[in-house]
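Visitor: Before I ask anything, here is the structure I am working with.
Protein chains: 4
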Amino acid sequence: MTDTQVQRGRATEQAIREAALSCFSERGYHGASIRFIADRAGTSLSNVYNYVASKDELLAQLLRRASEAQYAQVLEALDGAGEDPAERLRAAVEAYARYVIEHRDELVLSNTEFRYLSRPHRTEVVELRDRMQRLVDDLIEDGVRRGAFATPYPADVSRSLLTMVSNITAWFQPEGALSATEVARRHAGFALALVEAG
Amino acid sequence: MTDTQVQRGRATEQAIREAALSCFSERGYHGASIRFIADRAGTSLSNVYNYVASKDELLAQLLRRASEAQYAQVLEALDGAGEDPAERLRAAVEAYARYVIEHRDELVLSNTEFRYLSRPHRTEVVELRDRMQRLVDDLIEDGVRRGAFATPYPADVSRSLLTMVSNITAWFQPEGALSATEVARRHAGFALALVEAG
Amino acid sequence: MTDTQVQRGRATEQAIREAALSCFSERGYHGASIRFIADRAGTSLSNVYNYVASKDELLAQLLRRASEAQYAQVLEALDGAGEDPAERLRAAVEAYARYVIEHRDELVLSNTEFRYLSRPHRTEVVELRDRMQRLVDDLIEDGVRRGAFATPYPADVSRSLLTMVSNITAWFQPEGALSATEVARRHAGFALALVEAG
Amino acid sequence: MTDTQVQRGRATEQAIREAALSCFSERGYHGASIRFIADRAGTSLSNVYNYVASKDELLAQLLRRASEAQYAQVLEALDGAGEDPAERLRAAVEAYARYVIEHRDELVLSNTEFRYLSRPHRTEVVELRDRMQRLVDDLIEDGVRRGAFATPYPADVSRSLLTMVSNITAWFQPEGALSATEVARRHAGFALALVEAG
DNA sequence: TATGAATGAGACTTCATTCAT
DNA sequence: GATGAATGAAGTCTCATTCAT
Numbered sequence: 350m351t352d353t354q355v356q357r358g359r360a361t362e363q364a365i366r367e368a369a370l371s372c373f374s375e376r377g378y379h380g381a382s383i384r385f386i387a388d389r390a391g392t393s394l395s396n397v398y399n400y401v402a403s404k405d406e407l408l409a410q411l412l413r414r415a416s417e418a419q420y421a422q423v424l425e426a427l428d429g430a431g432e433d434p435a436e437r438l439r440a441a442v443e444a445y446a447r448y449v450i451e452h453r454d455e456l457v458l459s460n461t462e463f464r465y466l467s468r469p470h471r472t473e474v475v476e477l478r479d480r481m482q483r484l485v486d487d488l489i490e491d492g493v494r495r496g497a498f499a500t501p502y503p504a505d506v507s508r509s510l511l512t513m514v515s516n517i518t519a520w521f522q523p524e525g526a527l528s529a530t531e532v533a534r535r536h537a538g539f540a541l542a543l544v545e546a547g
Numbered sequence: 350m351t352d353t354q355v356q357r358g359r360a361t362e363q364a365i366r367e368a369a370l371s372c373f374s375e376r377g378y379h380g381a382s383i384r385f386i387a388d389r390a391g392t393s394l395s396n397v398y399n400y401v402a403s404k405d406e407l408l409a410q411l412l413r414r415a416s417e418a419q420y421a422q423v424l425e426a427l428d429g430a431g432e433d434p435a436e437r438l439r440a441a442v443e444a445y446a447r448y449v450i451e452h453r454d455e456l457v458l459s460n461t462e463f464r465y466l467s468r469p470h471r472t473e474v475v476e477l478r479d480r481m482q483r484l485v486d487d488l489i490e491d492g493v494r495r496g497a498f499a500t501p502y503p504a505d506v507s508r509s510l511l512t513m514v515s516n517i518t519a520w521f522q523p524e525g526a527l528s529a530t531e532v533a534r535r536h537a538g539f540a541l542a543l544v545e546a547g
Numbered sequence: 350m351t352d353t354q355v356q357r358g359r360a361t362e363q364a365i366r367e368a369a370l371s372c373f374s375e376r377g378y379h380g381a382s383i384r385f386i387a388d389r390a391g392t393s394l395s396n397v398y399n400y401v402a403s404k405d406e407l408l409a410q411l412l413r414r415a416s417e418a419q420y421a422q423v424l425e426a427l428d429g430a431g432e433d434p435a436e437r438l439r440a441a442v443e444a445y446a447r448y449v450i451e452h453r454d455e456l457v458l459s460n461t462e463f464r465y466l467s468r469p470h471r472t473e474v475v476e477l478r479d480r481m482q483r484l485v486d487d488l489i490e491d492g493v494r495r496g497a498f499a500t501p502y503p504a505d506v507s508r509s510l511l512t513m514v515s516n517i518t519a520w521f522q523p524e525g526a527l528s529a530t531e532v533a534r535r536h537a538g539f540a541l542a543l544v545e546a547g
Numbered sequence: 350m351t352d353t354q355v356q357r358g359r360a361t362e363q364a365i366r367e368a369a370l371s372c373f374s375e376r377g378y379h380g381a382s383i384r385f386i387a388d389r390a391g392t393s394l395s396n397v398y399n400y401v402a403s404k405d406e407l408l409a410q411l412l413r414r415a416s417e418a419q420y421a422q423v424l425e426a427l428d429g430a431g432e433d434p435a436e437r438l439r440a441a442v443e444a445y446a447r448y449v450i451e452h453r454d455e456l457v458l459s460n461t462e463f464r465y466l467s468r469p470h471r472t473e474v475v476e477l478r479d480r481m482q483r484l485v486d487d488l489i490e491d492g493v494r495r496g497a498f499a500t501p502y503p504a505d506v507s508r509s510l511l512t513m514v515s516n517i518t519a520w521f522q523p524e525g526a527l528s529a530t531e532v533a534r535r536h537a538g539f540a541l542a543l544v545e546a547g
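Residue numbers (this note's numbering), protein chains in the order written: chain A, 350 to 547; chain B, 350 to 547; chain C, 350 to 547; chain D, 350 to 547.
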């Protein structure tokens, strides 16, 4: 009995999180009411508060998870990427681009709703983002140090690169002419062009 | 009726528009109440409605104007830019980057609040944006045709380029280490790298 | 010059009154804003207040005038109606019915918006109405006294009669099958039936 | 969820409906604010919206219910009224008159606030009213066919009759000289006079 | 775990009215 | 006589959140 209840609870929690993600993505943080989220999650308005402390906290959780997952994805890709700076950058960009495409709602959140976080949560999420930015910074600086990349502005390139890839969400159409793989590949190419790879 | 009156009205209208721009930019469309805007404009809540039909209409006007001004700026830059494709692209990107930096609030709106437009206004603004995108598309295709640019993906580069520059708003600090001019210059460089100039 | 102005003023006043009448009739007292009335009158919102002290006062004026005109119409009809009670009643009912039909908006106001008058104006208009009611009361009582009408309930008949005729507005269609004259005639017949004339 | 809760909800709903009925009747649809209704119902403004979709919908519900109840009342009276046309008409009129007197607020609404219904609700309520009008039409036409009533204008009489009885609300005083029963009886008499019964 | 009832704050918008010109 | 600018009050409705069960 307790077991069943626990299971059910887990399912509800999951449903709420997914509903929140898609609702926030579709209508924005302020535009999506808790009632709307509850409806989409298939539960009652008040039950949401058994799983979530507040709307603000809900957004924070989603953003935290998203940031961590993005980071993990890129890290994993780098794991099997060898030593060559160009190969490593390519691997990182492709992995990130694929993640962006496959987790559209998450990235819409990261890109646009992040600003509605209350102060304490905001600094926390900023740190997570910075970690990702530093990862790419390091990749590029490393390539420059080794003479593989010629760009005189590694930091600017790094920032522009992440921006560019994050914003694939803004135009990518799953049913469009370009496949996710192809889009990822092309952006890796753009990355190498930007760093002025050998 | 009188001149003074009309003048006062114009001033109020201007104040409201400016207040709305900054409020929407700071707190988002849904996060900025009309009362808040009125306060910042130094007028009463109800007086706002003597100048604006609705909140939605207000956002639409701001976005329309912004899109048009951006386009005009780039067009003007191209006017004195000569024939060389690389020069033309550089001129366009620098002009746009400068505009982005100098009209931060406008671009935050264009980048993030655009989605809250009601259907009819949205299509209208989309058209204006497309015009800008096509302008850059043409610039790049022209360079490719003339053999000045080598990129195999002119359309993708064009899109990524605009995204990248628009998003300067997301990180640029007026008091930071980089001047607007320098940022614009570097982005022009990125553009040329992306199109694989020379 | 002054003359022209005065004339113009008169025209504006008339336009406002007519607009108010039709607006109140269409949308009700609370449903018709002064701005709406001004628009229909072809003048500015604030100019209305050069002719009207307040919305309440405006309604009061319209109702006062309407009550007086109705009374006058019936009185005039009785003037040339001879001595016979049945003839007199017929004349009164026909005259009133015709007035009702020809001044639809006025009667909608009298029937339904009268209740929104503020206290002092209300009692005033009530007195005017009572005068009309008493006129019909007298007509019927006179007929009873002279043995022309047999109804045992002259007061109730009188009240029901006026109600019935006033409410022609609720269903009469100018383009309908029945002409105003015919409707008036039939209602006169109903009146004679109700008083159980000879 | 619990029984007590549900019961409480039902009570609140009932209180809101009753409050709305009396408020609309007293001050008119536009004159009665939802806050006023909530106060009278002894609940909060916002809680009203847990039971009512909108003010318009609230009015529609009240009018729908009222129309149905009126019809049912008359139908029931006819049920035990025998075959004689005059008896049937008398029964119908008395039943309706009593209903009108006993449900003053409902009839004020039906008579005067009906016009503020939004289009879709209006047609619905119009249909319900028409049903009642046809019932009386049939009663009178039947009497005419059987030679019990002599009126040459059955349709007009029918309409005038309903108008007359509905408008008892406009003057009847519960504490006045006439009892409800007496008023009903007299109106039945007027009905027979109008149809020129035997 | 889950829900229906409830609420105070606040959103957008409209209104009657006044005032300076 | 006429008008545009301005405002405070109020209206309908939504929201995040709490509580009792």
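Cβ atoms here follow ideal geometry from the backbone N, Cα and C, with glycine treated the same way.
All values reported here derive from a predicted model rather than from experimental measurement.
Less than 7 Å between C-beta atoms, sequence neighbours within five positions excluded: which residues of the same chain meet that for D:Ala497?
Guide: Pro434, Ala435, Ala546 and Gly547
Visitor: Taking 8 Å as the threshold (beta carbon to beta carbon), is D:Glu490 in contact with chain C?
Guide: For D:Glu490, the closest Cβ of chain C is not nearer than 8 Å.
Visitor: Taking only heavy atoms of the ligand PLP into account, decide whether any of them is closer than 7 Å to the Cβ of A:His470.
Guide: Among the components modelled here there is no ligand, and therefore nothing to report on the ligand PLP.
Visitor: From the beta carbon of A:Arg439, is the nearest beta carbon of chain B less than 8 Å away?
Guide: no
Visitor: Pair every Cβ in the region 360–376 of chain D with every Cβ in the region 522–541 of chain C, then say whether three or more of these pairs are closer than 8 Å.
Guide: no
Visitor: From what residue to what residue does the alpha helix (DSSP H) around C:Arg332 run?
Guide: Residue 332 of chain C lies beyond the range of chain C shown here (350 to 547); nothing can be said about it.
Visitor: Consider the Cβ of C:Asp486: report whether some Cβ of chain D lies at a distance smaller than 8 Å.
Guide: no
Visitor: Do B:Leu488 and B:Arg437 have their C-beta atoms closer together than 8 Å?
Guide: yes
Visitor: Is the CB-CB distance between A:Ala446 and A:Leu427 below 8 Å?
Guide: no
Visitor: In angstroms with no decimal places, state the Cα-to-Cα distance between D:Gly358 and A:Leu510.
Guide: 57 Å
Visitor: At what residues does the alpha helix (DSSP H) containing B:Pro501 begin and finish?
Guide: Unbroken run through B:Pro501: none, as it is neither H nor E.
Visitor: For A:Arg480, decide whether its Cβ has a neighbour in chain B, counting only Cβ atoms nearer than 8 Å.
Guide: no
Visitor: With a threshold of 8 Å between beta carbons, is B:Thr512 in contact with chain A?
Guide: yes
Visitor: Kindly indicate which residue of A:Val514, A:Leu466 and A:Ala364 has the alpha-carbon position closest to the one of A:Leu543.
Guide: A:Val514
Visitor: Taking 8 Å as the CB-CB cut-off, is A:Ser509 touching chain B?
Guide: yes
Visitor: Beta-carbon within less than 8 Å of B:Leu541's beta-carbon, same chain only, minus the 5 sequence neighbours each way: which residues are those?
Guide: Ala435, Leu438, Arg439 and Gly547
Visitor: Could you give the distance in angstroms between the alpha-carbon of A:Ala499 and the alpha-carbon of B:Leu484?
Guide: Cα-Cα distance, rounded: 30 Å.
Visitor: Anyone know if the C-beta pair for D:Gly380 and C:Tyr465 falls short of 8 Å?
Guide: yes
Visitor: Using a Cβ cut-off of 8 Å (strictly closer), state whether A:Ala519 contacts chain B.
Guide: Using a CB distance cut-off of 8 Å, A:Ala519 counts as an interface residue toward chain B.
Visitor: For D:Glu531 and D:Ile450, I'd like the C-alpha separation in whole angstroms.
Guide: Going by the C-alpha atoms only, they are around 11 Å apart.
Visitor: Near C:Leu527, what residues of its chain come up, given a Cβ to Cβ distance below 6 Å and the 5 sequence neighbours on each side ignored?
Guide: none
Visitor: If you follow the alpha helix (DSSP H) that B:Ile365 is in, where does it begin and where does it stop?
Guide: Asp352 to Arg376
Visitor: Within the continuous alpha helix (DSSP H) that includes C:Asn396, where are the two ends?
Guide: First-last of the alpha helix (DSSP H) with C:Asn396: Leu394 to Val397.
Visitor: Cβ of B:His452 less than 8 Å from any chain A Cβ?
Guide: no
Visitor: Determine the extent of the alpha helix (DSSP H) in which C:Gln410 is found, giving its start and end residues.
Guide: Counting along the chain, the alpha helix (DSSP H) containing C:Gln410 begins and ends at Lys404 to Asp428.
Visitor: Between B:Glu462 and A:Lys404, what straight-line distance do the alpha-carbon atoms span, to the nearest angstrom?
Guide: 20 Å
Visitor: Alpha carbon to alpha carbon, how far is D:Glu443 from D:Pro523? Give it in angstroms, no decimals.
Guide: 17 Å
Visitor: Which of the three DSSP states is assigned to B:Ala537 in this structure?
Guide: helix
Visitor: For D:Ala546, which beta-bridge partners are listed by DSSP?
Guide: D:Phe498
Visitor: Run through chain A and tell me which residues come within less than 8 Å of B:His470, C-beta to C-beta.
Guide: What B:His470 touches in chain A: nothing, since even the nearest Cβ is about 16 Å away.
Visitor: Going along chain A in order, which residues have a C-beta closer than 9 Å to the C-beta of B:Tyr448?
Guide: Ordered by position in chain A, no residue passes the 9 Å Cβ test against B:Tyr448, which lies about 17 Å from the chain.
Visitor: Considering only the alpha carbon of each residue, which of C:Ala430, C:Val475, C:Gln363 and C:Phe521 lies closest to C:His452?
Guide: C:Phe521
Visitor: Could you tell me the distance, in whole angstroms, from the CA atom of B:Ala409 to the CA atom of C:Tyr398?
Guide: So the alpha carbons of these two residues sit roughly 35 Å apart.
Visitor: Mind checking which residues open and close the alpha helix (DSSP H) that includes D:Glu436?
Guide: Pro434 to Glu451
Visitor: Taking 8 Å as the CB-CB limit, is B:Glu545 close to chain A?
Guide: yes
Visitor: Closer than 7 Å, Cβ to Cβ, to anything on chain D: give me those residues from the region 370–382 of chain C, in chain order.
Guide: Listed by position, the residues of the region 370–382 of chain C near chain D (Cβ gap below 7 Å) are Gly377, His379 and Gly380.
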